[in-house]
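Asker:
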Amino acid sequence: MRSVRLAALLDCLCVLTFVIIGRASHARGEALGGVASTAWPFLAGLAAGWLAARAWRRPFLPWPAGVGAWLGAVSLGMALRVVSGQGTALAFIGVALAFLGLFLLGWRFVARFASRLHGLCAATASGRA
103 MRSVRLAALL DCLCVLTFVI IGRASHARGE ALGGVASTAW PFLAGLAAGW LAARAWRRPF
163 LPWPAGVGAW LGAVSLGMAL RVVSGQGTAL AFIGVALAFL GLFLLGWRFV ARFASRLHGL
223 CAATASGRA
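In the numbering used here, the protein residues as written are 103 to 231.
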């Protein structure tokens, strides 16, 4: 259960990082209300992606958890932005796909590499390598 909470927290932090950097780059500021207004569609999409991929089963795996989180955040996030009148642009969709893909999949690949490295080090230390 702890790993599910940690993975969900890391995913939410990735989305919030995307939103804060985006708002700062467009001089819209980091006021809490503005961040929340921009973030909620992506966070809702992230939650839907988690549900669709059943990410809680293996939350640290890039597939299906990471891909579900990524595509859910972007696809439903963009749809909710349109419905709520926030709008989207083709370039913004591309940036969101790239940034969220890099971050939501990236931390999982790093965790997987670190886990394998830790296992290799443990095996070497115990003389099994």
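For every residue, glycine included, the Cβ atom is placed at its ideal position computed from N, Cα and C.
As the structure is a computational prediction, the values presented were derived from the model and not from experiment.
1) According to DSSP, is Thr226 part of a helix, a strand, or is it coil?
2) Apply the 10 Å Cβ neighbour rule to Glu205 and answer buried if 16 or more other Cβ atoms are within range, or exposed otherwise.
3) Round the Cβ separation of Pro161 and Ala167 to the nearest angstrom and send it over; I've been treating them as touching at under 8 Å.
4) So, are the CB atoms of Phe163 and Arg104 less than 8 Å apart?
5) Tell me which residue opens and which closes the alpha helix (DSSP H) that Ala126 is part of.
6) Taking only three categories from DSSP, how would you classify Gly187?
7) Arg214 by DSSP, collapsed to three states: which one?
8) In three-state terms, what does DSSP make of Leu163?
Answerer: Once the coordinates are examined:
1) Collapsing the DSSP output to three states places Thr226 in a helix.
2) Before going further, note that residue 205 is Phe rather than Glu in the sequence given. Around the beta carbon of Phe205, a 10 Å sphere encloses 16 or more other beta carbons of the protein chains shown; the residue is thus reported as buried.
3) 5 Å
4) In the sequence on display, residue 163 carries Leu and not Phe. In this structure, Leu163 keeps its C-beta atom at 8 Å or more from the C-beta atom of Arg104.
5) Arg104 to Ser127
6) coil
7) Arg214: helix per DSSP, three-state reduction.
8) coil
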